[in-house]
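Encoded structure:
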C-alpha cells in the first residue's frame, strides 16, 4: 500500500454534514471491475448538472480549489453504503486527506486500506480550518508523523490517531501479508473449532 | 420436525460462569472469534460466513490473483448476484443483461466463483436473491457467528444474534485470503424497546423512530443490542428489518439475542444443522445473550406505544415525521448547520415547511430491498392491497407501484399464498428478485423530481435515481400510498 507521511496542498471546504458515499460516488460508477479511473465520478451530482455541464458554484469546480488534495468536511462524512469506490474516487481525483468532526465507520476503515488519511478534529478546530479554507490562501500542510495540520495562517491543529493505523499508513504496510504471518494462529483456531463445533466446521 | 419446548428457551450461562460474568452478547461473540491480538491494538477475528456479490468483489479477486493467493475457505463463502440484476427476464441469463457494464460485472463474478470454488446462486436460480435475504433463508446465518459482506446492510443478520457488518472491498480480499478480519472492538450500546405498538406500527417504524432520535451518526463506534419485550414480540422478519437499519444510525452492527423464534426460523433450513448436530448447535447458541450484570457504554429505552406510523420527509434517514405530522421548518433545528441542511433537503424534496406530509403526492412506489422484501413484508403489503380491492380501490391513477420479492424462494412462497394475484389485481407490478430500486443500479430507478414511497433504507439525494425523491416507510404504508396516490396513513386501511 502507498505510504502517507506528509501532504501539502489546497484544502477545499465542504461544510455540509452527512455527506454519504452515494454523494461521493453515485451508483452508475459502481459497475466497474477496476479500482482506477473513478475520479471522474467523484461528487458527480454536485459537480455536474443534468446535461453534464460543470456547476461553477461547487467548490471543487472553482479555480481556486482546482487540484485540491485535502477536503474539510462537515459531521459524519462517508455515511451510508460500504462502497470502497468512495476512497478510490477521492484518491483518483487527487484528494488524500479528509478532515471532519466524525466519519462513518466503514468509510473510515476503507480510507486506511488505500493510503488515505481521515483526520478527526473537534467542532471548534473544524470551524477554524473551514474558515481558513474559505479564505484567500488554501494551502494546508498535513504531517502524520507529528499528527498536525498547519493552516495557511500558521495556526496548527493537532489530531489523535490510533498508533497502529498511523504506523501502517506511514510504512504503507499490507494488511493481508501481515495477517498471513498469523497463519499458524488461524490454523489452530480452525482446529479448535472443528472439535468444539463439528456441525459448523 | 419442530423445535422442542418452544415456550421454554433456557439460556445456558455455564460457559461464562463465574469468572467471566458481566459480558454482553457482543463481548461473547467477539471473544469466541479471537484468533490473535496484534500489539498495535488490532484484533484478528475469525469470520464464520462471508457473503459476496457482484459489485464489491471484482477488485478483491483481482488482488488475490495479482498476489497468487487462494481463497482460504471457499466453503464458508457464498455468492449471489443481486445489486445490478434486472427484475424481469432473469431466465434469459446473464449474457442477455442489456447494460454492458452490469453484464461484465455479473460475468466476472461467475468466473471468479468458478476459479476459486465458491458456492454461487446465479441470477435466475430460485435460491438467488438479495444477499441479506438469502443468508438467513438458506440457514447459513446462525446465532453466535461472525458474518461479513461487502455491503453495509450486512447488519441485517444480527437479528439471529450473529455479529454481522459491512466491509469494504480491501477487507473482502482480506477475508477471502485469510478468513479473518482485523478489527478494533466497538462500544456496547443497548436499546430497550418496551410497550405495545398501536395497530399499523412495526419494526420499520421502530427503526425510523430510533434513527430520528439518535441521528444518523448516533450509533457511530457502537454495536447496538436490541432488547426488551417489544423486540421479543417481533418476528424474525421484523428483527431483520430493525437490524438492517442499524447502519443508518451509524452503528457497526445490530444484535438481537437468539430465542425460540430464532430456532423456529432456522429449523429445517437447508444449511441448518440436522439431527444430533442440531441439538449440539442449539446448546451452543443458548450461550449467546447478555449477562444480567453486563455493563453497556450507552443505553436507552424507547416506548413503542408512543410511535406512530413513520415516514421520512428529507434526505437523511434521521429526517422522520409521524404520518399525521407536518414537514418541519428549518428554523426548528438547533444549529445553523442543521438549519442549512434542512433547507437544502426541503428544496431537493420539493416540500414546504408546515405542509402535511400526507399532502405529498407520489408517482412511484417501491416495495422491496434487503430491509423489507421478505414474506412477512409482502403479506403486510398485500393485506392493504386486498383491503383496497374490497373497498373497490386500486393503485391510484398515475402511480407506478412495484413489488420486488427479496429472493426467488420468497417469490415462490408468495405465489403459493396467492399474494402475487392480489398485488396484480390491485394494480401493482410483480417483479423478479433483486436489490432493484433501492439503489437503482439496475434499470429500476426514478427520474428527476419523481416522488417515491419506498420500503428501502436510504432517502439520500439521488439514491434511487438522480433527482428522485424518496420517502422511507413500512411495506403496509407504501401500499397505502400506492392506493391513495399520496403518502397515506395505513390506519385508514386497517
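Chains as they are written, first to last, in the working numbering: chain W, 3 to 203; chain A, 264 to 757. Don't be surprised by glycine CBs; every beta carbon is placed ideally from N, CA and C.
Sufficient close CB pairs (3 or more, under 8 Å) joining the region 542 to 556 of chain A to the region 391 to 402 of chain A: no
Within chain W, the residues that residue 303 (chain A) reaches when beta carbons sit closer than 7 Å: 165, 166 and 169
Interface flag, residue 115 (chain W) vs chain A, CB-CB below 8 Å: yes
Within chain C, the residues that residue 649 (chain A) reaches when beta carbons sit closer than 7 Å: As a matter of chain content, chain C is missing from the structure shown, whose protein chains are W and A.
Contact set for residue 81 (chain W): own chain, Cβ-Cβ below 6 Å, skip 5 residues either direction: 20, 22 and 106
Local conformation of residue 565 (chain A) per DSSP, three classes: strand
Distance CB(residue 49 (chain W))-CB(residue 62 (chain W)) smaller than 8 Å: yes
Sequence-distant residues of the same chain with beta carbon closer than 7 Å to residue 27 (chain W), five excluded per side: 40, 43, 44, 85, 87, 88 and 91
Residue 520 (chain A) to residue 422 (chain A) span [Cα, whole Å]: 8 Å
Straight-line gap, residue 685 (chain A) to residue 732 (chain A) (C-alpha atoms, nearest Å): 27 Å
Residue interval of the alpha helix (DSSP H) (run including residue 178 (chain W)): 177 to 182
Proximity below 8 Å, CB of residue 703 (chain A) to CB of residue 391 (chain A): no
Residue environment, residue 719 (chain A), which counts as buried when at least 16 other CB atoms sit within 10 Å: buried
Inside the region 437 to 493 of chain A only - alpha helix (DSSP H) runs reaching at least 4 residues: 466 to 477
6 Å CB neighbourhood of residue 272 (chain A) in its chain, flanking five on each side removed: 522 and 523
Contacts that residue 430 (chain A) makes with chain W (C-beta to C-beta distance below 8 Å): 84, 108 and 111
Delimiting residues of the beta strand (DSSP E) encompassing residue 663 (chain A): 663 to 666
Buried/exposed call for residue 269 (chain A), threshold 16 Cβ in 10 Å: With a pLDDT of only 42 at residue 269 (chain A), under 50, the local geometry of the prediction cannot be trusted, and the value read off the model is given with reservation. Result: exposed.
Nearest neighbour of residue 414 (chain A), chosen from A:290, A:343 and A:661 [CA to CA]: A:343
Residues near residue 741 (chain A) in its chain [Cβ-Cβ closer than 6 Å; skip 5 each side]: 628, 630, 716 and 718
Cutoff 8 Å: residue 413 (chain A) Cβ touching any chain W Cβ: yes
Straight-line Cα distance separating residue 610 (chain A) from residue 648 (chain A): 32 Å
Complete runs of the alpha helix (DSSP H) confined to the region 60 to 135 of chain W [at least 4 residues]: 87 to 95 and 107 to 114
Contact set between residue 386 (chain A) and chain W, taken where Cβ atoms lie within less than 8 Å: Neighbours of residue 386 (chain A) on chain W: none; closest Cβ ~15 Å, over 8 Å.
Contacting positions in the region 23 to 35 of chain W - beta carbon closer than 9 Å to chain A: 23, 24, 25, 28, 29, 30, 32, 33, 34 and 35
Residue range of the unbroken beta strand (DSSP E) whose run includes residue 645 (chain A): From DSSP, residue 645 (chain A) is part of no beta strand (DSSP E) but of the alpha helix (DSSP H) over 638 to 653.
Proximity test, residue 543 (chain A) beta-carbon vs the ligand COA heavy atom, cut-off 7 Å: Absent from the structure shown: the ligand COA. Ligands present: none.
Between the CA atoms of residue 752 (chain A) and residue 621 (chain A) - distance to the nearest angstrom: 8 Å
Proximity of residue 58 (chain W) and residue 132 (chain W) at Cβ, strictly below 8 Å: no
Cross-chain neighbours of residue 723 (chain A) in chain W, by beta carbon under 8 Å: 22, 24, 25 and 82
Beta-carbon spacing of residue 122 (chain W), residue 71 (chain W) below 8 Å: no
Selected residue, minimal CA-CA separation from residue 736 (chain A), among A:475, A:338, A:484 and A:553: A:475
Validate contact between the region 496 to 503 of chain A and the region 634 to 652 of chain A using beta carbons, cut 8 Å, 3 pairs: yes
For residue 409 (chain A) and residue 292 (chain A), the rounded distance between their alpha carbons: 7 Å
Spatial distance of residue 155 (chain W) from residue 14 (chain W) (CA atoms): 15 Å
Neighbourhood of residue 754 (chain A) by C-beta, 6 Å cutoff - its chain only, sequence neighbours within 5 removed: 463
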